[in-house]
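Residue numbers (our numbering): 2 to 288. Beta carbons: idealized from backbone N, C-alpha and C, even for Gly. This one's a predicted model, so the numbers in the text were calculated from it and none came from an experiment.
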């Protein structure tokens with residue numbers, strides 16, 4: 002895609018930003034405000050927000066200020082993969098597609114580092130560093146310097162896709178619904194021969210820290226989707242994973258967390274039977 006030259010003779014990069022939201026309005030407005038403040042003549046941004054699930058009872062729900070270019074409303078919760086893919090599906094044709102959680106934070110230096118990496122690696126998917134931590138999977142896992150490095154797996158938020166990577170995403174959904182779906186997508190990139198480059202200088206933060214790591218619905222998807230992932234990518238270790246999850250379920254029951262234990266057992270069964278998609282809503286307990 003050819004664009005007019007911006008300042009310093011650099012071509013303009015057209016970036017579509019996709020942000021799924023569950024109505025954390027203040028967080029979303031802060032992120033949108035940061036992106037709207039980008040005024041570089043070398044950059045053309047369009048913002049797509051996906052209302053991912055029923056509108057909350059918040060009286061300010063849906064009030065995005067400043068406004069975005071496109072707001073997609075979906076009555077049902079689509080999960081992490083589904084929310085991003087719904088936005089990618091309607092985004093205007095662009096040079097790059099930046100995926101961000103609604104509570105993502107990044108400073109100007111980090112944002113500039115991501116755009117610079119897009120120029121330096123035109124055929125690669127770019128990933129920001131999550132909170133400056135080693136959340137990447139790959140050769141750099143034992144030590145991250147300051148220069149971009151090839152990685153193999155990365156979280157959704159902070160990925161900057163090429164048009165080819167967008168096509169891979171929309172044509173190969175994992176249908177995991179929640180958790181492990183980002184790693185499944187990175188595996189699809191690997192299969193398609195699209196490199197994934199981690200940029201340590203681009204630090205993606207998160208305003209919200211979940212305290213629900215051991216709730217029944219999270220336990221279910223964590224168990225089920227790890228099994229699906231290991232089957233899909235041929236990662237091995239299926240028997241060991243089953244044993245670890247069974248021990249976790251038994252321990253949860255001993256501690257009086259019966260619903261969590263049942264959710265893990267259900268996740269093991271559904272993972273083995275290749276049952277995908279939404280089978281337990283966030284906040285629910287297994288039936």
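Residue nearest to residue 162 in terms of C-alpha spacing, selected from 132, 71, 88 and 233 = 88
From residue 111 to residue 15, what does the alpha carbon distance come to, in whole angstroms?
-> 18 Å
Please work out which residues of its chain come closer than 7 Å, Cβ to Cβ, to residue 153, disregarding the five sequence neighbours upstream and downstream, and give them in chain order.
-> 138, 139, 187, 191 and 197
Indicate whether residue 229 and residue 239 have their beta-carbon atoms separated by less than 8 Å.
-> no
Note the first and the last residue of the continuous beta strand (DSSP E) segment covering residue 205.
-> For residue 205, the enclosing beta strand (DSSP E) starts and ends at 197 to 207.
Look at the alpha carbon of residue 189 and the alpha carbon of residue 170, and state the distance between them as a whole number of angstroms.
-> 8 Å
Residue span of the beta strand (DSSP E) that contains residue 162, given as start and end | 160 to 162
Can you tell me which of the three DSSP states residue 21 falls into?
-> strand
Cα-Cα separation, residue 207 to residue 178 | 21 Å
Would you give the residue range spanned by the alpha helix (DSSP H) that residue 84 belongs to?
-> 80 to 91
Other residues of its chain near residue 94: CB distance less than 7 Å, five sequence neighbours each side excluded = none
Helix, strand or coil at residue 13 according to DSSP, with G and I counted as helix = coil
Per DSSP, cross-strand counterpart(s) of residue 129 | 200
Locate the beta strand (DSSP E) running through residue 98, then write down its first and last residues.
-> 97 to 100
Taking DSSP as the reference, what is the three-state secondary structure of residue 105?
-> strand
Tell me which same chain residues have a C-beta within less than 6 Å of the C-beta of residue 282, skipping the five on either side of it?
-> none
Per-residue DSSP class, three states only, for residue 168 = helix
If you draw a straight line from the C-alpha of residue 130 to the C-alpha of residue 199, how long is it?
-> 7 Å
Quick one: measure Cβ to Cβ for residue 181 and residue 226, integer angstroms, because I've assumed they're closer than 8 Å.
-> 4 Å
On the premise that residue 46 lies in contact with residue 36, defined as a C-beta separation below 8 Å, what is that separation, rounded to the nearest angstrom?
-> 6 Å
Coil, strand or helix - residue 231 by DSSP | helix
When the distance is taken between beta carbons, is residue 175 closer than 8 Å to residue 218?
-> no
Contained alpha helix (DSSP H) runs [length at least 4] in the region 219 to 274, N- to C-terminal order | Secondary structure within the region 219 to 274: the alpha helix (DSSP H) runs of 4 or more consecutive residues, fully enclosed, are 239 to 255 and 259 to 273 (chain order).
Distance between beta carbons of residue 23 and residue 50, contact taken as under 8 Å = Their Cβ separation, rounded to whole angstroms, is 11 Å, which puts residue 50 and residue 23 out of contact at 8 Å.
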